[in-house]
Amino acid sequence: MKRSSGILLWKKENNQYYVLLTHFGGPYWDKLDKGAWSVQKGLVESNEKVLNAAIRESSEETNLILNNKIDYLASKKVSNNKLVIMFESYFDGDIFNFKSNNFTLEWPPKSGSIKEFPEMDKIKWFTLEEALTYINPSQTFFIKRLKEKLSLKDQNN
Numbered sequence: 002m003k004r005s006s007g008i009l010l011w012k013k014e015n016n017q018y019y020v021l022l023t024h025f026g027g028p029y030w031d032k033l034d035k036g037a038w039s040v041q042k043g044l045v046e047s048n049e050k051v052l053n054a055a056i057r058e059s060s061e062e063t064n065l066i067l068n069n070k071i072d073y074l075a076s077k078k079v080s081n082n083k084l085v086i087m088f089e090s091y092f093d094g095d096i097f098n099f100k101s102n103n104f105t106l107e108w109p110p111k112s113g114s115i116k117e118f119p120e121m122d123k124i125k126w127f128t129l130e131e132a133l134t135y136i137n138p139s140q141t142f143f144i145k146r147l148k149e150k151l152s153l154k155d156q157n158n
């Protein structure tokens, strides 16, 4: 089974929690908004530790420097026979240095023209409730798990 891992970044401002999501890049996603946002994640390479893959993917897709503790959040098997392992971390850094790696695609299809696109083309903070609307539906589980975890954290403080 293929494995994918990522890090769901969050912050708290004015007693409100926010998660940092990225918008899928490329021509198939450029006009979509709801359902077109994602946690920074990607495939775990052979002989790579899951957490190292999550950190690598976050760096490749955002160019952000993570400077806080990273904790396990949850795992979920998704429809394409892949296991997604998600971590979470408080993030208080600057997102203005956002830059994603690129991928190539024949565009338009069957044109023979190969073009380069950013893997992720935007980055934005969403409240937990907003994130449930804008994140790719296969990832809502992780927003809900983070919400539960942060609620427990608030109760214990």
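Residues in the sequence shown are numbered consecutively from 2, following my numbering. Positions of the beta carbon are idealized from the N, C-alpha and C atoms, including for glycine.
As assigned by DSSP and simplified to three states, the class of residue i
i	result
Ser5	strand
Asp155	helix
Phe99	coil
Lys150	helix
Lys145	helix
Residues of its chain near residue i, where Cβ-Cβ distance is below 8 Å and the 5 sequence neighbours each way are ignored
i	result
Gly113	Glu107
Lys35	Thr134 and Tyr135
CB of residue i within 7 Å of CB of residue j, strictly
i	j	result
Glu62	Thr23	yes
Lys12	Phe97	no
Leu9	Val20	yes
Asn69	Ser90	yes
Where the beta strand (DSSP E) through residue i begins and ends
i	result
Glu117	Ile115 to Pro119
Gln140	No beta strand (DSSP E) holds Gln140; DSSP gives it neither H nor E.
Asp25	Per the sequence shown, residue 25 should be read as Phe rather than Asp. Start and end: Gln17 to Phe25.
Cutoff 7 Å; reference residue i; Cβ partners in own chain excluding five residues on either side
i	result
Ile136	Leu22, Trp38, Ser39 and Ile144
Val51	Arg4, Ser6, Val45 and Ile86
Tyr73	Phe88
Where in the region 29 to 90 do unbroken runs of the alpha helix (DSSP H), each at least 4 residues long, occur, reported from the N-terminal end onward?
With a minimum length of 4 residues, the continuous alpha helix (DSSP H) runs that stay inside the region 29 to 90 are 51 to 63.
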